[in-house]
Amino acid sequence: MTITFDTATAHIQHTLGGELSQDIDTLSVINDAGSYMTSMYPWRWLEEAATLAALTSGSSTALPTGFVELVGYTPRGMDSRVTGSQAFLVSPQELEDMSNSSQTLPLDTAYIAIVYTTTSGTTIPTPVLDVYGNGTLPTIKIRYRKNWTQITTSAGTGSLFAVPEWTEALYIQVLRAFARGLEEEDVGSLNARLGEIQAGPQFAAAVSRDSLIESTTLRTYARPTPVSPAT
């Protein structure tokens with residue numbers, strides 16, 4: 005089954021026994037439920053790859069729309085197999101210290117940090133890649149975790165929910181919890197309803213299914229200076 009705007013609104017009406025209050029926007033409830041579900045766990049199905057080219061020292065580079073978390077990147081300076089230009093992920097403070105130092109940095113090396121940027125509180129904070137380096141900076145390939153894809157319309161392709169089939173039941177439960185938590189908070193708060201879902205079997209089953217894509221992950225094994233593929 006593919007979830008659409010009509011499917012979602014039907015579940016909202018079913019759990020409430022009627023329509024949402026006119027004071028509550030249906031699209032907001034649908035998207036808030038999706039944003040919450042994608043924040044419940046670091047889902048593998050939300051990972052994507054992107055290439056960040058034309059890095060310039062002292063500037064910020066835009067990250068992909070919906071960027072949430074950096075999972076990995078290359079060329080990684082701590083990898084002894086990297087030759088030529090390389091990049092080191094550092095803290096924002098360390099990057100700031102470098103930019104204010106008279107020290108000459110290694111040639112063809114980029115130091116990067118992910119920070120939020122905004123314009124005096126008048127725009128929505130957006131994560132960007134701050135860069136400081138010397139020489140020819142590398143083209144960085146990243147693997148990242150993205151956010152929920154916003155549903156923007158009640159009809160056409162913009163109403164389709166881009167989620168794996170095995171997460172649909174979990175999403176429906178979260179959506180129903182949001183609808184009832186907002187409309188019937190005197191009976192049961194939204195937090196209580198969401199807590200019950202997160203402690204339940206549907207969430208546990210979805211996490212198990214998500215993990216099957218790479219059941220023997222080596223991500224948690226830190227190899228600061230690898231010289232060969234992990235075994």
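Under my numbering, the residues of the sequence shown are numbered 5 to 235, in order.
Glycine included, every Cβ here is placed at the ideal spot set by N, Cα and C.
These figures come from a predicted structure and were not determined experimentally.
- Listed as beta-bridge partners of residue 146 by DSSP are 54, 77.
- Around the beta carbon of residue 190, fewer than 16 other beta carbons sit within 10 angstroms, so the residue counts as exposed.
- Judged by their CB atoms, residue 114 and residue 92 are nearer to each other than the 9 Å cut-off.
- When DSSP states are grouped into helix, strand and coil, residue 71 belongs to the strand group.
- Put simply, of 80, 120, 17, 121 the residue whose alpha carbon is nearest the alpha carbon of residue 112 is 80.
- Following the DSSP letters along the chain, one finds residue 133 inside the beta strand (DSSP E) bounded by residues 130-138.
- Going by DSSP, residue 117 is part of the beta strand (DSSP E) stretching over 113-121.
- DSSP places residue 6 outside both helix and strand once states are collapsed to three, so it counts as coil.
- For residue 90, the enclosing beta strand (DSSP E) covers residues 90-93.
- Remark: C-beta atoms of residue 150 and residue 55 do not approach each other more closely than 9 Å.
- With fewer than 16 other Cβ atoms from the protein chains shown falling within 10 Å of its own Cβ, residue 216 counts as exposed.
- Secondary structure within the segment 140-189: the alpha helix (DSSP H) runs of 4 or more consecutive residues, fully enclosed, are 172-187 (chain order).
- Burial of residue 163 is indicated by the presence of at least 16 other C-beta atoms within 10 angstroms of its C-beta.
- Sequence-distant Cβ neighbours of residue 47 in its own chain, meaning closer than 7 Å and more than five residues away, are 214.
- Under the three-state reduction of DSSP, residue 42 is assigned to helix.
- Residue 197 is classed as buried because its beta carbon has at least 16 other beta carbons within 10 Å across all chains shown.
- Excluding its 5 nearest sequence neighbours in each direction, residue 122 has C-beta neighbours in its own chain below 6 Å: 129, listed in chain order.
- From the listed residues 186, 166, 116, 168, the smallest Cα separation to residue 59 is found for 116.
- With contacts defined by Cβ atoms closer than 9 Å, residue 135 and residue 7 do not form a contacting pair.
- In the three-state reduction of the DSSP assignment, residue 64 falls in the strand class.
- Here residue 209 is not near residue 15, since their CB atoms are 9 Å or more apart.
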